[in-house]
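Inspection log for the structure reproduced underneath, given as structure tokens.
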Amino acid sequence: MTAAPAIRLTGVGKQYAADGPVVLDGIDLSVAPGEFACLLGASGCGKSTLLSLIAGLEQPSTGTIEVDGRAAVMFQEASLLPWLSARRNVELALRFGDAGLARPARRARALELLDLVHLADAADKRPHELSGGMRQRVALARALAQDRSVLLMDEPFAALDAITRDLLHEELERVWRETGRTIVFVTHNVREAARLGQRVLLMSSRPGRIVNEWRIADDGPRRIESPTVSELSVEITEHLRREIRRNAA
Amino acid sequence: MAGLDRLQTTAERRTPWWRRAIDGVLPPVLLLVVLVAAWQAYTVIAQPRPDLAPGPLDVAAALGEAWDDGRLQLAISTSLERGVLGFLIAVAVGTPLGLLLAEWAPLRRALGPLISGLQVLPSVAWVPAAILWFGLSDATVYFVVLMGAIPSIVNGLVAGVAQVPPQLRRVGTVLGASRFELAASVVLPAALPGYLAGLKQGWAFSWRSLMAAEIIAFGGSIGFGVGSLLQQGRDLADLASVLGTILVILAIGVVIELLVFAPVERGMLRRRGLTGGTP
Ligand SMILES: Nc1ncnc2c1ncn2[C@@H]1O[C@H](COP(=O)(O)OP(=O)(O)OP(=O)(O)O)[C@@H](O)[C@H]1O
Ligand SMILES: [Mg+2]
Numbered sequence: 317m318t319a320a321p322a323i324r325l326t327g328v329g330k331q332y333a334a335d336g337p338v339v340l341d342g343i344d345l346s347v348a349p350g351e352f353a354c355l356l357g358a359s360g361c362g363k364s365t366l367l368s369l370i371a372g373l374e375q376p377s378t379g380t381i382e383v384d385g386r387a388a389v390m391f392q393e394a395s396l397l398p399w400l401s402a403r404r405n406v407e408l409a410l411r412f413g414d415a416g417l418a419r420p421a422r423r424a425r426a427l428e429l430l431d432l433v434h435l436a437d438a439a440d441k442r443p444h445e446l447s448g449g450m451r452q453r454v455a456l457a458r459a460l461a462q463d464r465s466v467l468l469m470d471e472p473f474a475a476l477d478a479i480t481r482d483l484l485h486e487e488l489e490r491v492w493r494e495t496g497r498t499i500v501f502v503t504h505n506v507r508e509a510a511r512l513g514q515r516v517l518l519m520s521s522r523p524g525r526i527v528n529e530w531r532i533a534d535d536g537p538r539r540i541e542s543p544t545v546s547e548l549s550v551e552i553t554e555h556l557r558r559e560i561r562r563n564a565a
Numbered sequence: 002m003a004g005l006d007r008l009q010t011t012a013e014r015r016t017p018w019w020r021r022a023i024d025g026v027l028p029p030v031l032l033l034v035v036l037v038a039a040w041q042a043y044t045v046i047a048q049p050r051p052d053l054a055p056g057p058l059d060v061a062a063a064l065g066e067a068w069d070d071g072r073l074q075l076a077i078s079t080s081l082e083r084g085v086l087g088f089l090i091a092v093a094v095g096t097p098l099g100l101l102l103a104e105w106a107p108l109r110r111a112l113g114p115l116i117s118g119l120q121v122l123p124s125v126a127w128v129p130a131a132i133l134w135f136g137l138s139d140a141t142v143y144f145v146v147l148m149g150a151i152p153s154i155v156n157g158l159v160a161g162v163a164q165v166p167p168q169l170r171r172v173g174t175v176l177g178a179s180r181f182e183l184a185a186s187v188v189l190p191a192a193l194p195g196y197l198a199g200l201k202q203g204w205a206f207s208w209r210s211l212m213a214a215e216i217i218a219f220g221g222s223i224g225f226g227v228g229s230l231l232q233q234g235r236d237l238a239d240l241a242s243v244l245g246t247i248l249v250i251l252a253i254g255v256v257i258e259l260l261v262f263a264p265v266e267r268g269m270l271r272r273r274g275l276t277g278g279t280p
């Protein structure tokens, strides 16, 4: 790695309350520009917290965080504004701040992005009229609408069926290859991590630390049912099991 | 994909407006007819003294008389004009004040208890002071109305903002909203349900305060409102007219609720998918 990292964490720790549990402890992590990193870990180990820190929504208790510009975030809950239609929710990302597109341009761009996540038909529906998976896809379109070099995604495809998820993996990979964004992708799904990531990071719980990592040779798109993905997921699952068992004990 | 998605959303079925109107209007109208019929039956069968228990026909006659000499129209238009104008002034004052309190914690801590106290204080209590300050003039009426309505509007807005889910602010921040954009495009719309509840209560308090002020402060340059009509009926010991005026005050409250607040509230709830199970 020669270029300056897009994200660099040094000795980052996080405690929500002074007398509360240590959620994150001594996290050192560099993500190179244009890298696709997947973050795996048991429920409650601090993955969302780590993303909030990188996004600047929470302050670390110890250590420092450097990010190349502001990050776009796709939250664990879709977090759409309930009074706006799907299209207007996406447009919001194009309106705020310096992006400042004119109204017709915003509209056209929002429809383009909704089409990308296969929701062109639902553009004028409000969040409560959409299914959970559709809401997540709107949130994905909104996250992509922000023209930021770093994209943080918190279990973005958790509520989707296997086929839709497969399609969106392909779209996300295409967007990533085309735009060269840096992506940190949180998931519970080991196969998904092995399918998408160039690097898979495994976190332990209480306190949250990065305990293991795998690099995957990137020789073009791979399918989720390919042998490479299967072999790697078996190995990672083994480690994840051990991590969870150690915690339960 | 499109086919899959179509399966996921249920087709929207909206009842036509006339159907909703009938569903909403018919039950209360039926109840009203039954009540009036029972009342009339009582006066016919029990034959009570008409000056102590006038029947619906007496009350209607009293109202008709007030209508014929123009007092009723004058009273209604005077009171409505004052009520609406006073309410609008209260909105114009209460909204920025509420926003300021909601977004600036020190001010909220200092002023919050006072505003809550004012909301509990019946605004009639201000009438004597207002008469001493402003005499028997319109200023007295407006002062009492504002003291009744502003605290409700401020409190509603502050409560609405306090209940905005923190996650929505985080979304706005991540999307790159400036402080002003966050307030205008995220916080205020999210606080709309609380604000609307405050406005509704504010109107109720305006209207009550107005009636109280008109009944107590009578004469001078104060115009002739519905409250004054009520007071006049009492002076003449004309119970039919008094009961009729009460019915008019009640009817105006119901009409404003049905024509103004109910549609706005329904629209807002429907847009946010908060209509629950009520058909
Ligand atoms: N705002 C907060 N205040 C206090 N504690 C918090 C807060 N947010 C998270 N925590 C605690 O931090 C720990 C990590 O939470 P976090 O949401 O980061 O987990 P996660 O790895 O994202 O879990 P999941 O996979 O279930 O989403 C949990 O023990 C949680 O109770
Ligand atoms: Mg999480």
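As given, the protein sequences belong to chains Y and B, one line each in that order.
For the numbering used here, add 316 to where a residue sits in the first sequence, where the first one is 1.
For the numbering used here, add 1 to where a residue sits in the second sequence, where the first one is 1.
Quick reminder that beta carbons are idealized off the backbone N, C-alpha and C, glycines included.
Note that this is a predicted model, so its numbers are computed, not measured.
Same chain only: Cβ atoms within 7 angstroms of residue i, ignoring 5 sequence neighbours per side
| i | result |
| --- | --- |
| B:Gly149 | Ser124, Phe206, Ser207, Arg209, Ser210 |
| B:Thr279 | Low per-residue confidence applies at B:Thr279: pLDDT is 48, beneath 50, and the placement is therefore not dependable, though the value from the model is reported in the following sentence. If we look at B:Thr279 and ignore the five residues flanking it on each side, it has no Cβ neighbours. |
| Y:Thr326 | Asp344, Gly379, Thr380 |
| B:Thr246 | Val227, Leu230, Leu231, Gly234 |
| B:Gly56 | Trp40, Gln41, Thr44 |
| Y:Ala371 | Ala387, Val389, Leu468 |
Neighbourhood of residue i by C-beta distance below 8 angstroms, restricted to the same chain and skipping five residues each side
| i | result |
| --- | --- |
| B:Gln74 | Trp68 |
| Y:Ala439 | Ser401, Ala402, Arg403, Ala426, Leu427, Leu430 |
| Y:Leu396 | Ala402, Asn405, Pro443, Arg451, Val454, Ala455, Arg458 |
| Y:Ala418 | none |
| B:Thr141 | Val128, Ala131, Ile132, Trp134, Phe135, Ala214, Ala218, Ile223 |
For residue i, the first and last residue of its enclosing alpha helix (DSSP H)
| i | result |
| --- | --- |
| Y:Trp296 | In the structure displayed, chain Y extends from 317 to 565; residue 296 of chain Y sits before or after that span and is not available. |
| B:Leu246 | Strictly speaking, residue 246 of chain B in this sequence is Thr, with Leu absent from that position. Note, B:Thr246: alpha helix (DSSP H), 240-257. |
| B:Phe135 | 128-135 |
| B:Leu176 | From DSSP, B:Leu176 is part of no alpha helix (DSSP H); its letter is neither H nor E. |
| Y:Phe352 | Unbroken run through Y:Phe352 is the beta strand (DSSP E), 352-356; no alpha helix (DSSP H). |
| B:Phe206 | 193-217 |
| Y:Phe501 | No alpha helix (DSSP H) holds Y:Phe501; the beta strand (DSSP E) holding it covers 498-503. |
| B:Phe88 | 72-104 |
| Y:Thr480 | 478-495 |
| Y:Glu428 | 419-432 |
| B:Phe144 | 139-163 |
| Y:Glu407 | 402-411 |
| B:Ile23 | 18-47 |
| Y:Thr365 | 363-371 |
Where the beta strand (DSSP E) through residue i begins and ends
| i | result |
| --- | --- |
| Y:Ser346 | 338-347 |
| Y:Gly379 | 378-383 |
| Y:Ala388 | 387-390 |
| Y:Gln331 | 323-331 |
| Y:Val466 | 466-470 |
| Y:Leu517 | 515-519 |
Cβ shell of residue i (< 6 angstroms), same chain only, five flanking positions each side left out
| i | result |
| --- | --- |
| Y:Ser521 | Ala358, Cys361, Asn563 |
| B:Ala12 | With a pLDDT of 48 at B:Ala12, under the threshold of 50, the modelled position of this residue cannot be trusted; read the value that follows with caution. Here the set comprises nothing. |
| B:Gly71 | none |
| B:Val159 | Gly99, Leu102, Ala103 |
| Y:Ala509 | Cys354, Leu356, Thr503, Val516 |
beta-carbon residue i near ligand 3 non-hydrogen atom, thresh 7 angstroms
| i | result |
| --- | --- |
| Y:Ser359 | Annotation note on ligand 3: not contained in the displayed structure, which lists ligand 1 and ligand 2 as its ligands. |
Chain Y contacts from the stretch 159-189 of chain B (Cβ-Cβ distance under 9 angstroms): From the stretch 159-189 of chain B, only Pro166, Gln168, Leu169, Arg171, Val172, Gly173, Thr174, Val175, Leu176, Gly177, Ala178, Ser179, Glu182, Leu183, Ser186, Val187 have a Cβ closer than 9 angstroms to chain Y.
Stretch pair the stretch 381-398 of chain Y + the stretch 469-477 of chain Y: three plus CB contacts closer than 8 angstroms: Short answer: they touch.
Residues within the stretch 245-276 of chain B neighbouring chain Y, beta-carbon criterion of under 9 angstroms: Met269, Arg272, Arg273, Gly274, Leu275
Exercise answer, beta-carbon shell around ligand 2 heavy atoms below 7 angstroms: Y:Lys363, Y:Ser364, Y:Gln392, Y:Asp470, Y:Glu471, Y:Val502
Selection of the stretch 393-405 of chain Y by Cβ proximity to chain B, strictly under 9 angstroms: Glu393, Ser395, Leu396, Leu397, Pro398, Trp399, Leu400
Residues, ordered as in the chain, of the stretch 516-530 of chain Y that lie near chain B by beta-carbon distance below 9 angstroms: Cβ contacts with chain B come from no residue of the stretch 516-530 of chain Y.
Three or more C-beta pairs below 8 angstroms linking the stretch 469-489 of chain Y and the stretch 329-338 of chain Y: no
Any 3 or more C-beta pairs closer than 8 angstroms across the stretch 187-199 of chain B and the stretch 124-134 of chain B: no
Contact list for the stretch 444-461 of chain Y against chain B, Cβ threshold 8 angstroms: His444, Glu445, Leu446, Ser447, Gly449, Met450, Arg458
Near-chain B residues of the stretch 361-384 of chain Y - C-beta to any C-beta below 9 angstroms: Ser368, Ala371, Gly372, Leu373
Inter-stretch contact (C-beta, 8 angstroms, three-pair minimum) for the stretch 225-240 of chain B and the stretch 168-185 of chain B: No contact exists between the stretch 225-240 of chain B and the stretch 168-185 of chain B.
Cβ contact (3+ pairs, closer than 8 angstroms) linking the stretch 177-186 of chain B and the stretch 218-225 of chain B: no
At least 3 beta-carbon pairs within less than 8 angstroms: the stretch 523-538 of chain Y vs the stretch 15-23 of chain B: Taking one beta carbon from each stretch, the stretch 523-538 of chain Y and the stretch 15-23 of chain B have fewer than 3 pairs nearer than 8 angstroms; the two do not touch.
Cβ pair count under 8 angstroms reaching 3, the stretch 347-355 of chain Y against the stretch 513-527 of chain Y: yes
Validate contact between the stretch 91-102 of chain B and the stretch 265-279 of chain B using beta carbons, cut 8 angstroms, 3 pairs: Contact between the stretch 91-102 of chain B and the stretch 265-279 of chain B is not established, with fewer than three Cβ pairs separated by less than 8 angstroms.
The stretch 81-95 of chain B / the stretch 53-68 of chain B touching (three or more Cβ pairs under 8 angstroms): No: fewer than three Cβ pairs fall under 8 angstroms.
Chain B contacts made by the stretch 337-361 of chain Y, where a contact means CB separation under 9 angstroms: Under the 9 angstroms Cβ criterion, the stretch 337-361 of chain Y contributes no residue.
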